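What follows is a single structure, written as structure tokens, with notes after it.
There are 2 protein chains.
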Amino acid sequence: MTSTVTAATPMQVLELYRAAVYAKDVEALMQLYAPDVQVFDMWGTWAYEGAGAWRTSVSDWFGSLGDDLVRVEMEDVQHTQSGELAVLSAFVTYRGMSAQGQELRSMNNRLTLVCRQDGGGWQVIHEHSSSPADFESGKVMLRRG
Amino acid sequence: MTSTVTAATPMQVLELYRAAVYAKDVEALMQLYAPDVQVFDMWGTWAYEGAGAWRTSVSDWFGSLGDDLVRVEMEDVQHTQSGELAVLSAFVTYRGMSAQGQELRSMNNRLTLVCRQDGGGWQVIHEHSSSPADFESGKVMLRRG
Chain A
79 MTSTVTAATP MQVLELYRAA VYAKDVEALM QLYAPDVQVF DMWGTWAYEG AGAWRTSVSD
139 WFGSLGDDLV RVEMEDVQHT QSGELAVLSA FVTYRGMSAQ GQELRSMNNR LTLVCRQDGG
199 GWQVIHEHSS SPADFESGKV MLRRG
Chain P
79 MTSTVTAATP MQVLELYRAA VYAKDVEALM QLYAPDVQVF DMWGTWAYEG AGAWRTSVSD
139 WFGSLGDDLV RVEMEDVQHT QSGELAVLSA FVTYRGMSAQ GQELRSMNNR LTLVCRQDGG
199 GWQVIHEHSS SPADFESGKV MLRRG
């Protein structure tokens with residue numbers, strides 16, 4: 079499935095992100111990212127520099143899910159915009175669901191998205207996702223509640 | 079020691095941050111932050127909302143250092159600016175030094191700073207710092223190299 083939708087507003091980036099992840103649609107998701115995007119992802123890698131590197135990671139993620147689906151929820155979204163830049167921050171819940179709609183697992187993240195207006199729409203130029211680490215154990219906390 | 083220096087450019091925020099941390103000067107550091115700042119810090123807490131909450135955390139950090147000093151180094155700084163918003167990203171090394179100048183420990187972080195121009199200068203309105211987590215152990219990686 080290939081989508082040609084681009085984000086008309088910074089907030090729409092979040093909507094399209096949610097939809098692309100649920101659809102496990104690499105092309106739709108990658109349309110949200112600028113070619114020169116830098117991603118500080120939560121897991122395993124210090125930085126993905128450029129859409130090509132990030133696409134590989136996204137493809138691996140979607141490919142690892144099998145029949146499962148991921149439902150994305152955003153809470154406490156903050157939004158600032160000036161000129162051609164916009165910044166969004168939010169707390170994200172990723173819910174792994176079976177194809178039958180049963181919740182299998184869930185995880186909380188903090189998300190910062192920096193978007194740039196470019197011709198027809200808004201694209202992500204920098205993404206930073208993480209969870210805080212427990213100082214004693216060094217382990218990331220996966221539940222905000 | 080109280081400083082009245084404010085950042086004339088987004089890049090100067092980094093310089094003043096370095097100097098304030100090395101001096102363990104809470105007032106100088108807090109001048110870099112807007113009253114409504116949101117901080118996603120690496121350790122223990124999901125978010126600090128507002129300069130008051132962040133000030134408490136900074137005071138605790140500096141207070142915990144005793145005679146030690148912290149040297150901050152920034153690498154691969156990326157900088158984007160439009161209108162009254164600027165975004166900086168960097169890889170940071172925090173080096174714990176004895177008062178005699180001996181290196182005691184060091185740690186790498188990823189840092190995203192969102193700055194807003196407000197009257198006389200630039201202030202941080204959103205900070206996100208983290209290190210990636212190892213998928214198997216769930217532990218944060220503290221060395222980039």
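These protein sequence lines are chains A and P, in that order. Here the numbering used here is used: the first sequence runs in plain steps of one and ends on residue 223. Here the numbering used here is used: the second sequence runs in plain steps of one and ends on residue 223. Cβ coordinates follow ideal geometry from the N, Cα and C atoms, glycine included. In this text the structure is predicted, and so the values were computed from the model without any measurement.
Rounded separation between ARG183 of chain A and ASP212 of chain P - CA only: Computed Cα separation, rounded: 18 Å.
Cα-Cα separation, GLU205 of chain A to GLN178 of chain P: Between GLU205 of chain A and GLN178 of chain P, the C-alpha separation is close to 39 Å.
Residues from the segment 99-132 of chain A in contact with chain P, defined by Cβ distance under 8 Å: For the segment 99-132 of chain A, the beta-carbon criterion of a distance under 8 Å to any beta-carbon of chain P is satisfied by GLN116, PHE118, ASP119, MET120, TRP121, GLY122, THR123, TRP124 and ALA125.
Beta-carbon proximity list for TRP132 of chain P, same chain, < 7 Å, skipping 5 on both sides: Only residues of its own chain outside the window of five on either side were considered, and among them TYR111, VAL115, VAL117 and TYR126 have a CB closer than 7 Å to the CB of TRP132 of chain P, listed in chain order.
Simplified DSSP assignment, three categories, for TRP139 of chain A: In the structure shown, TRP139 of chain A sits in a helix (DSSP, three-state: H, G or I).
Inter-residue CB distance, SER209 of chain A and VAL202 of chain A (contact presumed, cutoff 8 Å): About 20 Å separates the beta carbon of SER209 of chain A from that of VAL202 of chain A, a gap too long to meet the 8 Å contact definition.
Outcome for SER215 of chain P when other beta-carbon atoms lying within 10 angstroms are tallied against a minimum of 16: SER215 of chain P comes out exposed.
Three or more C-beta pairs below 8 Å linking the segment 187-200 of chain A and the segment 160-171 of chain A: Three or more beta-carbon pairs drawn from the segment 187-200 of chain A and the segment 160-171 of chain A are found closer than 8 Å, and the two stretches are therefore classed as touching.
Proximity test, Cβ basis, 8 Å: ASP212 of chain A and chain P: With 8 Å as the cut-off, ASP212 of chain A counts as an interface residue toward chain P.
VAL150 of chain P beta carbon less than 8 Å from that of ARG96 of chain P: Cβ atoms of ARG96 of chain P and VAL150 of chain P: closer than 8 Å.
Boundaries of the beta strand (DSSP E) in which PRO210 of chain P is found, first to last residue: Counting along the chain, PRO210 of chain P falls outside any beta strand (DSSP E), and DSSP gives it neither H nor E.
DSSP-derived helix/strand/coil call for ALA177 of chain A: Annotated three-state conformation of ALA177 of chain A is coil, per DSSP.
Residue-level contact to chain P via CB, MET79 of chain A, 8 Å cutoff: Low confidence applies here, because MET79 of chain A scores a pLDDT of 48, under 50, leaving its location unreliable and the question unanswered by this model.
MET152 of chain P, enclosing beta strand (DSSP E) - first and last residue: From DSSP, the beta strand (DSSP E) with MET152 of chain P extends over 147-160.
Members of the segment 152-181 of chain A near chain P, C-beta cut-off 9 Å: Listed by position, the residues of the segment 152-181 of chain A near chain P (Cβ gap below 9 Å) are ASP154, GLN156, THR158, GLN159, SER160, GLY161, GLU162, LEU163, ALA164, VAL165, SER167 and PHE169.
Nearest to GLN109 of chain P (by Cα), restricted to the options P:LEU191, P:ALA164 and P:THR84: Checked all of P:LEU191, P:ALA164 and P:THR84; the closest Cα to GLN109 of chain P is P:THR84.
Local conformation of THR80 of chain A per DSSP, three classes: Its pLDDT being 49, under 50, THR80 of chain A is placed unreliably by the model, and the measurement read from it follows with that caveat. The answer is coil: DSSP assigns THR80 of chain A none of H, G, I, E or B.
ALA161 of chain A and LEU191 of chain P closer than 8 Å at C-beta: The residue you asked about is not Ala; residue 161 of chain A is Gly in the sequence shown. No, Cβ-Cβ distance for GLY161 of chain A and LEU191 of chain P is not below 8 Å.
Proximity test, Cβ basis, 8 Å: GLY216 of chain P and chain A: At least one C-beta of chain A is nearer than 8 Å to the C-beta of GLY216 of chain P.
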